[in-house]
Structure formats: structure tokens, C-alpha cells
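Enquirer: Would you mind keeping the following structure in view while I ask a few things?
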Amino acid sequence: MNVHDKAYELAKAIKDSNEYKDMLESRAQIEQDPSSQSLLADFRQRQGELQQKIGMDGMPPQEDMEQLQKLYEVLALNPRINQLFDVERRLSVVLEDVQRIIAEPLTAMLK
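Under my numbering, read the sequence shown as residues 149 to 259, first letter to last.
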């Protein structure tokens with residue numbers, strides 16, 4: 149068994165998954181709507197800035213986190229963006245499961 153071949157099979161399986169296809173479709177729908185695209189880009193920028201603060205300072209100000217949460221809630225009222233958030237969560241769960249499965253033998257080896 150060649151590990152690299154299996155990795156390519158895994159990549160193909162991810163690309164063929166419903167979660168991945170739904171993500172592509174959802175992103176394409178948002179690209180057709182400039183308003184949704186702009187709102188989402190602003191949210192992603194703010195989200196990235198908050199993550200940088202977390203990386204540099206540990207915990208960002210509570211006010212920043214609350215503002216981002218409120219913006220998320222407003223964006224979730226947009227059906228296209230809400231659908232994207234949903235498919236992102238579903239794909240994230242799949243990828244986290246894959247990562248956990250891959251890490252199991254390494255974790256066992258280190259015990």
C-alpha cells in the first residue's frame with residue numbers, strides 16, 4: 149500500500165463528496181449576488197482581523213467578539229450566506245473527522 153496513493157484517493161473522495169459540491173454551488177450562488185458577496189467579504193475580513201488579535205494577544209476584547217457575533221447573526225438572515233455557513237460547517241465536520249482518523253495512529257504511537 150502506497151500512502152501517497154491513498155492520500156490522492158482521499159483528496160478525490162473529498163472533491164466528490166456532497167459537502168464539497170454543495171460548498172462550490174453555494175459559493176457560486178454568492179458570486180452571482182454582489183451584495184451578498186460584499187457582505188461576506190467584509191465579514192471574512194473582520195473575522196481574520198479578530199483571529200490575528202487572538203494569535204497576537206491571546207484573547208481579543210469582548211466588544212470585538214460581540215460585534216462579530218452580531219454581524220454573523222445579521223448575515224445569517226441572508227438565505228445565500230446562511231446556506232454557505234451551513235455547508236461550511238458540514239464540510240468542516242467531514243475534514244475534522246478525516247483529520248482525527250489520520251491522527252489516531254500517530255497519537256497511539258506517542259503513548
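Ideal placement from N, C-alpha and C gives every residue a C-beta, glycine not left out.
Could you give the residue range of the alpha helix (DSSP H) that holds residue 258?
Expert: 227-258
Enquirer: From this set, 215, 200, 175, which residue's C-alpha is nearest residue 188's C-alpha?
Expert: Residue 188 has its Cα closest to that of 175, out of 215, 200, 175.
Enquirer: For residue 242, tell me which candidate among 170, 149, 153, 151 has the shortest Cα-Cα distance.
Expert: Relative to the Cα of residue 242, the nearest Cα in the group 170, 149, 153, 151 belongs to 170.
Enquirer: First and last residue of the alpha helix (DSSP H) that includes residue 165?
Expert: Counted as a single uninterrupted DSSP element, the stretch harbouring residue 165 is not any alpha helix (DSSP H), since DSSP gives it neither H nor E.
Enquirer: Beta-carbon within less than 6 Å of residue 201's beta-carbon, same chain only, minus the 5 sequence neighbours each way: which residues are those?
Expert: 208
Enquirer: Please state whether the Cβ-Cβ distance between residue 228 and residue 177 is less than 7 Å.
Expert: yes
Enquirer: State the DSSP-derived secondary structure class of residue 217, mapped to helix, strand or coil.
Expert: helix
Enquirer: So, using beta-carbon positions, are residue 225 and residue 191 closer together than 7 Å?
Expert: no
Enquirer: Just curious, the alpha helix (DSSP H) that residue 94 is in, first and last residue?
Expert: Nothing about residue 94 can be read from this structure; the chain reaches only from 149 to 259.
Enquirer: Go through its chain and collect everything with a Cβ distance to residue 185's Cβ below 8 Å, but skip five positions before and after it.
Expert: 178, 179
Enquirer: Can you tell me the Cβ-Cβ gap for residue 198 and residue 213, rounded? I've got them flagged as a contact below 8 Å.
Expert: 7 Å
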